[in-house]
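Asker: Please find one structure pasted underneath; my questions will follow.
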Amino acid sequence: MNPPNPPNPPKATWQTDSPGPRKSTRSLQRARRRASVARFWRRYRTHRAGVAGLAGLTLLAVLALAAPWLVGDDVQSVTRAPGRALEPPSGAFPLGTDQFGRSLLGLLVWGSRISLTVGLLAAALSVAIGTLVGVVAGHYRGWISTAVMRITDWFLVMPTLVLAIVLATVLSRSVWTVILAIGVTTWPTTARLVRAQTIAVESRPYIERAKALGGGHRHLMTRHVLPQVMPLVLAQTTLGISAAILTEATLAFLGLGDPTVVSWGGMLQDAREAGAVSSGHWWYLAPPGIAVALVALAFTLCGRAVESVLNPRLGVSR
């Protein structure tokens, strides 16, 4: 009689089970991110000024995105202006008209697109340069850090507006020139803040363990240092947007902006050229000036609230 066949050995399951832990790890990471965002929002909404600034910026962003449908592209046209020149506020034109008979309300809504775009992109460029310079200067010591910081100090002591005017004068007049001029002249403050934070992070014990395990410079900067300085970078970005919008308005007011587009600074420049100050046409000057001030204030309130949430020791008033 033949002996019974031995039972089949159990199949190895380590190969089929390997995707499971990876999938659960990814889901755990997503859950932690969601929890972190929810915790940030719970703390942020306790700052009434920050919530008010965020509400104002949200409304302005919706108006800027819907500008082609709300006012139309014809609002910029000089030949198809619907009103008379320098008409005071009325039912047909709530904010009056400019020297060409165009609606100032429509120009204000359309100009928000350029002002917000320049502010966001210029601040992003400035913070990106400052973060890169700050992390490199804080991680590498010796002559590299000294050389980088001396360059940073030179940019820091030079008047930012003067450097921006020089760049805007030398390069062609366009929106991208304004963005570049603001971005490459306003990064030193971010660089110094990020450098100080990088030095503080690299003094912690887990950085020494990462070095002992063979972590290189790129690994340390991207995996350990950069995530720790990102809260500071985020707060600096929100604060830098308001400064970028003010600088763009200043450059446009000085006649260094793009003459083919409508921006709030360009509206102020047109009002000055039309003699609105001497002739008493206050409705031509007030709307763009108030818009610039309110948007800068809203971004500042949001930046202060973000900074307070990410660093509660600052004790920013609510």
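Numbering of the sequence shown is given in this note's numbering, commencing with residue 5 and proceeding in unit increments. Idealized CB from N, CA, C, for every residue including glycine. None of the values given here were measured: they were computed from a predicted structure.
1. What residue does the alpha helix (DSSP H) around V266 start on, and which one ends it?
2. What ranges does the alpha helix (DSSP H) occupy inside the region 116-200, keeping only unbroken runs of at least 4 residues that lie completely in it?
3. Is the beta carbon of V113 within less than 8 Å of some heavy atom of the ligand GDP?
4. On a CA-only basis, which of W268, A239, A141 and G261 is nearest F303? Give me that one, please.
5. Does DSSP put S107 in a helix, in a strand, or in coil?
6. Would T181 and A247 qualify as a contact pair, given that the criterion is a beta-carbon distance under 9 Å?
7. Any Cβ of chain C within less than 9 Å of the Cβ of L301?
8. Run through DSSP, which three-state label would H51 get?
9. Mind checking which residues open and close the alpha helix (DSSP H) that includes Q80?
10. Determine the closest residue to D410 out of S267, R196 and V265, with distance taken between C-alpha atoms.
11. One question on the structure: do L305 and G57 come within less than 9 Å of each other, judged by their Cβ atoms?
12. Find out if the Cβ-Cβ distance for the pair A309, H51 is shorter than 9 Å.
13. Tell me, please, which residues DSSP counts as bridged to T323.
14. Starting from the C-beta of R84, find all residues in its chain whose C-beta is less than 6 Å away, skip the five residues before and the five after it, and write them out in chain order.
Answerer: A quick look at the data gives this:
1. No alpha helix (DSSP H) contains V266, which DSSP labels as neither H nor E.
2. 147-161, 164-174 and 179-187
3. Of ligands this structure carries none, so the ligand GDP is not represented either.
4. A239
5. strand
6. In this structure, A247 does not lie closer than 9 Å to T181 by Cβ.
7. Although the question refers to chain C, the structure presented lacks it and comprises just one protein chain.
8. coil
9. Secondary structure note for Q80: it is in no alpha helix (DSSP H), with a DSSP letter that is neither H nor E.
10. As displayed, the chain neither begins before 5 nor continues past 322, which places residue 410 out of reach and without an answer.
11. yes
12. yes
13. The shown model of the chain, from 5 to 322, leaves out residue 323, and the question about it has no answer.
14. Answer for R84: D78, listed in chain order.
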